[in-house]
């Protein structure tokens, strides 16, 4: 990548401009502020700017984001990253184009209209020099799809170019893993997995071998796909891939999800009460069954076979409806229930109510943006290759590229004095995952995945005690 | 109301003050003033003890900071700082009465420079240093200083900055509050050091150079001689004049000019009005006082020095302007209320508020003539929303209500109207000396103890722009909702 060295930089962080501060914009602002970047927001509503600058440490410019004077005032030419996330795709594309021409180094535009998201996207991306178009609905649908493909986990994350998977699982009270110490798992279940974080109530543990699991824990574990399957089979956690899915609410996310599911041959039912939406979906998704009706009526859900379905996904625009209907579905014995909850403050409450699987499209988008920002930062000097947020953002998994010799290289792991709440969960050498033991040594050229409950590691050597 | 974060932050301020008290301690050591060393040591220990208690025992940083807490923190921090800052005067015996010492400290922190000392020249160096240093600290704001040096407390700290920084709207220079605070302080320190060096090169002793630089950069004005700056050479007075002028300019503009952006400064309505007011008033006074001083250049220096000193609310003097003709005196009283630019270290109502108010008045007149006309107020080429205009009008109204309430209360004191009127105005506007019996050569020592507390209160109201202090007095502000 070609970087302009004359850039006036703040005091060590990136300068990021975010145009449009709706719901998604605000969520992105929040997570980027937590990363410590210099953030400047542009919005045409003064009161929104007031509100955000009151709560977050950012600077605001009021105006239209395709006005070059406004961009100039936001000093776009010194920005490392420009994000356009207004309601309008066209505005986003235009302002990214303008920002790029005025000197912004990277641009991200939200482009959500499905017509723009096929072949024309590539043309626009290349010609408008947009570094990354994001489609929040599609990202959310992708996440849902991943879960439905592997329903044993509440969340599945792939690391390091898909060499490694981390699954988040909630243990039932009667789980065979209840009371098992981590050091015993390998012997008992013959599966080579590493439990790397445990959430018990509000607390997060980065456990060691003597840690005993308990029912109700939400655990994150890494292993290759086959080893994970093995463990799930032994523990009776295994659920088969969802073949029959009911989706409540005919939003864009539903559309993308239905499309993805139809592609792998699953049967999909979409329930929405709006006639036009139903017609449109029916037209676009010939393989799916579109049902017009009020999905909040339990009668209708039961008639459409809620009790027999493999999975139920609540994707209406109302978080509260999603939570309530999902609880109903859980009670009816649906094996896999997923609720969309956008408002962050509702998520822990919904979890308390017994919903283990919650997807938040806004979160998904801000995660993508944060890891993109990390990647840019990396090329600017920090050594974090990629960042993943786990366990409702309380835990971070960071991937480092070992490029130079340091205190951690060529020393058996058991001899390293790691800081508290840090665990090395994987070493990738020659594209193969090594699940680390005390004897493992990190070598030059390895990729190392580290999990931590402390935020803000910038370099691999930061894992050591000072 | 979140009492714990308030206690936490106020405790921090006192710890900082304890550290800062070591500077005058060092000066006292340098001049071998043993009594002062002890006084500063005891004060620093007291500040540290109370600070630690407030921060760690009673307080907690739970980050729940809203506008309400921001106001409370600023108001209480300033009160606590002044209460502790008065200790060295009392303990060292320089100012035996606590009421007097409190007045002197508030006057220092609020950059007012109204003094109760009749015999300034007898003060020891350590005390003089502390007295002027309070000026310097108060000029840019102690909480802003905290933000610049301590790790980021919370993104919501903007509420504190808003409450402490003067001006109708507070903008950041760079996205991060901490960096903004740092830049402001770097500029401030830079100005102070440059001035001190220039004054030293101009012939002042190093100690005097620093004391006067402290007094100028914060547009504050404690002098160390009974006759102010009158005994210094004219070229030193011109230097001080230039730096007072700089102190009255919006620091945001100074920053932009330092990094090479001159356009915002050239286009700033407020800056132009500020300069025009000074030039017009200066020229008018020059011709008005010519009969007294005879020579044109002498009159010019006298006129401009005092006009700049009053507009920037510094309060330095080089002669007794009590003897000036009525026109000049009246003009100076009017200028007391105007003050410098928003975002500067000066006090008063601030020029940008006047501009906004006058523009709003003209808009309203136009609206009367054309009832259906759609017209907004524009400032620096941008439309100003009605909320800001409303805020400015409210501020004006409150300013004068408070002014007259304090004036009524102070009128029980045995002084003439001119003295009382200008005493209140000099305190509320953070200038320092007034006219009559509180003129540049006199002091506030003759006021009674309650009057001294009332005037200290007026100074705090003026420095923190009324609302933080006023809200402290509202029961509903403290309600546990």
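Residue numbers (this note's numbering), protein chains in the order written: chain A, 787 to 1252; chain B, 42 to 522.
Where a beta carbon is used, it is the ideal one built from N, C-alpha and C, also for glycine.
Practice item. Tell me where the alpha helix (DSSP H) around residue 1196 of chain A begins and ends. Key: As a position in the first chain, residue 1196 of chain A is number 410, starting the count at 1. Segment: none, residue 1196 of chain A is in no alpha helix (DSSP H) and carries neither H nor E.
**Message:** Using 7 Å as the threshold, is the C-beta distance between residue 359 of chain B and residue 269 of chain B below it?
**Reply:** Within the second chain, the letter at position 318 stands for residue 359 of chain B. Within the second chain, the letter at position 228 stands for residue 269 of chain B. Cβ distance < 7 Å, so residue 359 of chain B and residue 269 of chain B count as in contact.
- Query: Taking 7 Å as the CB-CB cut-off, is residue 1030 of chain A touching chain B?
  - Reply: As a working note, residue 1030 of chain A is residue 244 in the first chain. Not an interface residue.
Q | residue 845 of chain A at chain B interface by Cβ criterion, 7 Å | A | In the first chain, residue 845 of chain A corresponds to position 59, counting from 1. It does: the Cβ of residue 845 of chain A has a partner Cβ on chain B nearer than 7 Å.
| message | If you measure between the beta carbons of residue 893 of chain A and residue 920 of chain A, is that distance less than 7 Å? | response | Taking the first chain and counting its residues from 1, one reaches residue 893 of chain A at position 107. Taking the first chain and counting its residues from 1, one reaches residue 920 of chain A at position 134. No, the Cβ-Cβ distance between residue 893 of chain A and residue 920 of chain A is not below 7 Å.
Exercise. Whose CA, out of A/932, A/904, A/867, lies closest to the CA of residue 1150 of chain A?
Worked result: The residue you call residue 1150 of chain A lines up with position 364 of the first chain. Checking every option, the nearest Cα to that of residue 1150 of chain A belongs to A/932.
Notebook entry, point to check: Given residue 795 of chain A, which residues of its chain have a CB within under 6 Å of its CB, disregarding the five upstream and five downstream residues?
Noted result: Taking the first residue of the first chain as 1, we reach residue 795 of chain A at position 9. A caution first: residue 795 of chain A carries a pLDDT of 34, below 50, which makes its placement in the model unreliable, though a value can still be read off. For residue 795 of chain A, where only same-chain residues beyond five positions count, there are no Cβ hits under 6 Å.
Item checked: Alpha-carbon to alpha-carbon, residue 908 of chain A and residue 1126 of chain A -> Taking the first residue of the first chain as position 1, residue 1126 of chain A is located at position 340. Taking the first residue of the first chain as position 1, residue 908 of chain A is located at position 122. Distance between the alpha carbons of residue 1126 of chain A and residue 908 of chain A: 29 Å.
Open item on the list: Ignoring anything shorter than 4 residues, give me the alpha helix (DSSP H) runs that lie fully in the segment 959 to 1038 of chain A, in order along the chain.
Closed with: 968 to 975, 1011 to 1021
Nearest CA to the CA of residue 102 of chain B: which residue from B/414, B/43, B/387, B/147?
Counting from 1 along the second chain, the entry for residue 102 of chain B is found at position 61. The residue with the shortest Cα to Cα distance from residue 102 of chain B is B/43.
query = So which residues on chain A does residue 308 of chain B lean against when the C-beta distance must stay under 8 Å?
reply = What you label residue 308 of chain B is simply residue 267 of the second chain in a count that begins at 1. Correct list: empty, because the minimum Cβ distance to chain A is about 13 Å.
Next on the checklist: Counting only Cβ pairs nearer than 9 Å, list the residues of chain B close to residue 825 of chain A.
Outcome noted: The sequence position of residue 825 of chain A within the first chain is 39, counting from 1. Going along chain B in sequence order, the residues near residue 825 of chain A (Cβ under 9 Å) are 216, 217.
**Request:** Anything in chain A within Cβ reach of residue 199 of chain B, meaning under 8 Å, just list it in chain order.
**Result:** Along the second chain, one-based indexing puts residue 199 of chain B at 158. Within 8 Å Cβ-Cβ: 839, 840, 843.
What residue range is occupied by the uninterrupted alpha helix (DSSP H) comprising residue 1114 of chain A? For the purposes of this step, residue 1114 of chain A is taken as the residue at position 328 of the first chain. Here the alpha helix (DSSP H) through residue 1114 of chain A covers 1105 to 1117.
Quiz item: Are the C-beta of residue 213 of chain B and some C-beta of chain A separated by less than 7 Å?
Solution: Within the second chain, residue 213 of chain B is the residue found at index 172, counting from 1. Closer than 7 Å to some Cβ of chain A, the Cβ of residue 213 of chain B qualifies, so yes.
Next item on the list: Inspect the beta-carbon positions of residue 939 of chain A and residue 955 of chain A and report whether they are closer than 7 Å.
Entry: Start at 1 with the first residue of the first chain, and residue 939 of chain A comes out as number 153. Start at 1 with the first residue of the first chain, and residue 955 of chain A comes out as number 169. Against a cut-off of 7 Å, the Cβ pair of residue 955 of chain A and residue 939 of chain A comes out as a contact.
query = Would you call residue 46 of chain B buried or exposed, if buried means 16 or more other Cβ atoms sit within 10 Å of its Cβ?
reply = Working through the second chain from its first residue, we reach residue 46 of chain B at position 5. By the neighbour-count criterion, in which a residue is buried when 16 or more other Cβ atoms sit within 10 angstroms of its Cβ, residue 46 of chain B is buried.
Review point. Any contact of the segment 60 to 77 of chain B with the segment 111 to 123 of chain B, i.e. 3+ C-beta pairs under 8 Å?
Key: no
| So is residue 296 of chain B buried or exposed if we call it buried at 16+ other beta carbons inside 10 Å? | Numbered from 1 along the second chain, position 255 holds the residue referred to as residue 296 of chain B. The residue in question, residue 296 of chain B, is buried, as its Cβ has 16 or more Cβ neighbours within 10 Å.
- Query: Identify the residues that DSSP records as bridge partners of residue 749 of chain A: which are they?
  - Reply: This structure cannot speak to residue 749 of chain A, because chain A is shown only from 787 to 1252.
Exercise. Can you give the Cα-Cα distance for residue 1153 of chain A and residue 814 of chain A, rounded to whole angstroms?
Worked result: Counted from its first residue, the first chain places residue 1153 of chain A at position 367. Counted from its first residue, the first chain places residue 814 of chain A at position 28. So the alpha carbons of these two residues sit roughly 8 Å apart.
Measure from the alpha carbon of residue 1034 of chain A to the alpha carbon of each residue in A/1076, A/1004, A/1051, A/996, then state which is nearest. Locating residue 1034 of chain A in the first chain gives position 248, where the first residue counts as 1. The shortest C-alpha separation from residue 1034 of chain A is found at A/1076.
- [ ] Quick one: using the 10 Å Cβ neighbour count with 16 as the cut-off for buried, is residue 357 of chain B buried or exposed?
- [x] Numbered from its first residue, the second chain carries residue 357 of chain B at position 316. By the 10 Å Cβ count, residue 357 of chain B comes out buried.
Notebook entry, point to check: Helix, strand or coil for residue 1186 of chain A per DSSP?
Noted result: On the first chain, residue 1186 of chain A is found 400 positions in, with the first residue counted as 1. Residue state, collapsed to three classes: strand.
### Query
the segment 418 to 443 of chain B: which residues have C-beta closer than 7 Å to a C-beta of chain A, in chain order?
426
Next on the checklist: Can you determine whether any heavy atom of the ligand SAM sits closer than 6 Å to the C-beta of residue 987 of chain A, and answer yes or no?
Outcome noted: Among the components of this structure there are no ligands whatsoever, and the ligand SAM is therefore not found.
Original post:
Where residue 41 of chain B and residue 178 of chain B are concerned, what is the direct C-alpha to C-alpha distance, given to the nearest angstrom?
Top reply: A question about residue 41 of chain B goes unanswered here, because the residues of chain B that appear run from 42 up to 522.
Let me know the beta strand (DSSP E) ranges lying completely inside the segment 344 to 379 of chain B, each 3 residues or longer, listed in chain order. DSSP assignment within the segment 344 to 379 of chain B yields no whole beta strand (DSSP E) run of 3 residues or more.
| request: Give the interface partners of residue 832 of chain A over in chain E, defined as CB-CB distance under 7 Å, in chain order. | output: Of the chains in the structure shown, none is chain E; the protein chains are A and B.
| query | Is the beta carbon of residue 875 of chain A less than 7 Å from the beta carbon of residue 899 of chain A? | reply | Here residue 875 of chain A refers to the residue found at position 89 when the first chain is read from its first residue. Here residue 899 of chain A refers to the residue found at position 113 when the first chain is read from its first residue. Yes.
Can you tell me which residues form a DSSP beta bridge with residue 134 of chain B?
By 1-based counting over the second chain, the position of residue 134 of chain B is 93. Its beta-bridge partners do not exist; DSSP assigns none.
Exercise for the section: Kindly indicate which residue of B/508, B/299, B/254 has the alpha-carbon position closest to the one of residue 224 of chain B. Expected result: Position 183 of the second chain, counted from the first residue, corresponds to residue 224 of chain B. Comparing C-alpha distances from residue 224 of chain B to each of B/508, B/299, B/254 shows the shortest one belongs to B/299.
Just to confirm my understanding: we take residue 880 of chain A, look at its own chain, exclude 5 residues before and 5 after, and list those with CB closer than 7 Å. What are they? The count along the first chain starts at 1 and reaches residue 880 of chain A at position 94. Only 852 meet the Cβ criterion.
> If we ignore side chains and look at the alpha-carbon of each, how far apart do residue 825 of chain A and residue 847 of chain A end up?
Replying inline: As a first step, residue 825 of chain A must be located in the first chain, where it is residue number 39. As a first step, residue 847 of chain A must be located in the first chain, where it is residue number 61. Distance between the alpha carbons of residue 825 of chain A and residue 847 of chain A: 11 Å.
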